[in-house]
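Take a look at the structure set out below.
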Amino acid sequence: MDDATTGSGRSRATWAVLAGLMVALGACGESHEGDEDAGRGDAGPDAEICPPIAPPTCVDEACCVTEAPAEAVPGCRFVCPEGYVEEPICEPGPGCGDFAGPCERHDECALAITDCCGPCGSPTLDAYDAILTSRADAHRDAVCPDPGGTVCPACAVMPNPELGATCDDASRCAGFDVGAMELSACEVDADCRLRVTQCCECGGDTDPFALIAIRTDAEGDYAGLVCDDLACPECEPAYPDTVRAACGADGHCEVVPADGG
418 MDDATTGSGR
428 SRATWAVLAG
438 LMVALGACGE
448 SHEGDEDAGR
458 GDAGPDAEIC
468 PPIAPPTCVD
478 EACCVTEAPA
488 EAVPGCRFVC
498 PEGYVEEPIC
508 EPGPGCGDFA
518 GPCERHDECA
528 LAITDCCGPC
538 GSPTLDAYDA
548 ILTSRADAHR
558 DAVCPDPGGT
568 VCPACAVMPN
578 PELGATCDDA
588 SRCAGFDVGA
598 MELSACEVDA
608 DCRLRVTQCC
618 ECGGDTDPFA
628 LIAIRTDAEG
638 DYAGLVCDDL
648 ACPECEPAYP
658 DTVRAACGAD
668 GHCEVVPADG
678 G
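Counting with our numbering, you get residues 418 to 678 for the letters of the sequence shown.
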């Protein structure tokens, strides 16, 4: 094959490539009105040029708490995703803001901090709300609407196993503090015993920092706070020998080191 033939072949190949590019570029400029991807990446002469527009804040239409990003659509506008509306027009439904009920079982309830950060040191009951576990996310959004803009103190939080949540007789979640209840009232050390916080002692968490102390005859009262319709296995819990139950100066049972307290 001579140079002329080779050059001619190269020219034809070059024009074929250029023609393909022109077709592709022409397709980019075509209108896609009505297509699912309308307005996306259209760089043709008729491409929509929108002025700077701030997207609205979209919140869940049920309780106006949980936020979701708005979606850009053709026509230089934004829309909220399904199940969300723009915040200024949202009206909370019945029961919104009520995170405590109704409940039917004790295990539907839990304690949740009342702000973004929670308490420092050993927490007390007033640092928590008793809420339905199913509404934990909504409660968090309500008490901490701007977690990214909140600076929490650098402090240690100590566990307090005496605090818990139960479903009360009014079918609402309620917090309790074992150390302040009648079921832990005592006069002498012999009135008290160690207990796990879970309903079933067999298999419960016996870590020394996870234990509580109740009056020896108050098992039924404590079970009424934490036990649902549950058949517990029959076994004796192995409580650690590093702690013991004692009657504190305030007249309530408490967990203290075995070698003192």
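In this text, a Cβ means the ideal position worked out from N, Cα and C, and glycines have one as well.
CA-CA distance, residue i and residue j?
i, j, result
"residue 554", "residue 537", "22 Å"
"residue 551", "residue 524", "11 Å"
"residue 679", "residue 672", "The question about residue 679 has no answer here: the residues shown for the chain are numbered 418 through 678."
"residue 652", "residue 579", "23 Å"
"residue 567", "residue 584", "32 Å"
"residue 659", "residue 624", "10 Å"
"residue 466", "residue 491", "10 Å"
"residue 609", "residue 662", "6 Å"
"residue 633", "residue 650", "20 Å"
"residue 522", "residue 641", "11 Å"
"residue 646", "residue 616", "10 Å"
"residue 507", "residue 596", "43 Å"
Here's a check: name, in chain order, each residue in its chain whose Cβ is nearer than 6 Å to the Cβ of residue i, leaving out the five neighbours to either side.
i, result
"residue 485", "475, 498 and 501"
"residue 527", "550 and 582"
"residue 472", "487 and 495"
"residue 665", "671"
"residue 612", "629 and 631"
"residue 534", "569"
"residue 546", "529 and 531"
"residue 638", "600"
"residue 635", "600"
"residue 450", "Caution applies to residue 450, whose pLDDT of 44 falls short of 50 and renders its modelled position unreliable; the value that the coordinates give is listed next. So the list is empty, once near-sequence residues are dropped."
Taking 8 Å as the limit between beta carbons, can you name the residues of its chain near residue i, skipping five residues before and five after?
i, result
"residue 668", "602, 603 and 604"
"residue 470", "493, 494 and 495"
"residue 701", "The structure shown does not extend to residue 701, since the chain spans only 418 to 678, so no value can be given for it."
"residue 577", "539, 540 and 541"
Grouping DSSP H, G and I as helix and E and B as strand, with all else coil, what is residue i?
i, result
"residue 522", "coil"
"residue 584", "strand"
"residue 481", "coil"
"residue 591", "strand"
"residue 467", "coil"
"residue 475", "strand"
"residue 457", "Low local confidence applies: a pLDDT of 45 at residue 457 is under 50, so the model's placement there is unreliable, and no value is given."
"residue 574", "strand"
Enumerate in chain order the residues of its own chain whose CB-to-CB distance from residue i is below 7 Å, with the five nearest sequence positions on each side excluded.
i, result
"residue 594", "542, 579 and 580"
"residue 509", "480 and 481"
"residue 520", "526, 549, 584, 588, 589 and 590"
"residue 556", "516, 529, 546 and 548"
Any beta carbon from chain B within less than 8 Å of residue i's own beta carbon?
i, result
"residue 564", "The displayed structure is made up of one protein chain only, and chain B is not part of it."
Minimum length 3: unbroken beta strand (DSSP E) runs contained in the stretch 489 to 514: 494 to 496 and 501 to 503
The stretch 569 to 576 in contact with the stretch 585 to 604 per 3-pair CB rule at 8 Å: no
Cβ contact check for the stretch 560 to 567 and the stretch 612 to 626: 3 or more pairs under 8 Å: no
Start-end ranges of the beta strand (DSSP E) lying completely within the stretch 595 to 675, minimum 3 residues: 609 to 612, 629 to 632, 660 to 664 and 670 to 674
Entirely enclosed beta strand (DSSP E) segments - the stretch 523 to 568, minimum 3 residues: 526 to 530 and 545 to 549
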